[in-house]
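For the record, in the sequence shown the residue sitting at position 44 is 44 according to full-length UniProt numbering, with numbers rising by one throughout. Take a look at the structure set out below.
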Amino acid sequence: MPNPNNILHQVTKPARYTGGEWNSVVKDWDKTFIRIGLSYPDLYEIGMSNMALPILYELLNSQPDVLAERVYAPWVDMEAVMRTAGIPLFSLESKRPLKDFDIIGFSLGYELTYTNVLNMLHP
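Next comes the structure, spelled out in structure tokens:
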């Protein structure tokens with residue numbers, strides 16, 4: 001799989017996709033039993049204001065055998081570049097494809113994001 005970091009120069013606001021924020025959790029993928037993709041079907045900036053995701057993120061990552069990583073819907077420029085480069089939707093922490101997670105959960109704050117769920121699940 002191509003490295004998602006190699007396409008960031010082609011989009012506006014690449015910081016949306018880099019991760020590494022204060023208090024983000026990076027665990028060893030191979031040393032965890034359950035891997036959960038916590039997804040928000042909208043832009044990073046909008047999803048960061050949703051209180052459900054950080055609460056679940058902290059609770060899940062406090063368990064030693066559980067890994068939880070965040071996934072947000074890309075903006076149209078990033079989505080186009082990702083599709084052209086053959087890069088699937090990925091998590092912020094490890095840059096792993098969403099399909100690699102054992103469980104994918106979505107926080108749905110309002111009905112207008114429902115269609116974004118379908119777009120995020122599209123290969």
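We put the CB at the ideal spot given by N, CA and C, even for glycine.
Check	Outcome
Counted within 10 angstroms of its Cβ, other Cβ atoms place ASN61 as buried (16 or more) or exposed	buried
ILE103 versus GLY20: straight-line alpha-carbon distance, rounded	22 Å
Ranges of the beta strand (DSSP E) found wholly within the stretch 74-112, counting only runs of at least 3	103-106
Beta-carbon contacts of residue 153 that lie in its chain and below 7 Å, excluding the five residues immediately before and after	In the structure displayed, the chain extends from 1 to 123; residue 153 sits before or after that span and is not available.
C-beta atoms of GLY47 and TYR72 nearer than 8 Å	yes
Alpha-carbon to alpha-carbon, LEU59 and GLU111	26 Å
Environment of ALA68 [buried if 16+ CB atoms lie within 10 Å]	buried
Contact set for ALA85: own chain, Cβ-Cβ below 7 Å, skip 5 residues either direction	PRO2 and ILE7
Beta-carbon separation (whole angstroms), LEU108 vs TYR114, contact threshold 8 Å	7 Å
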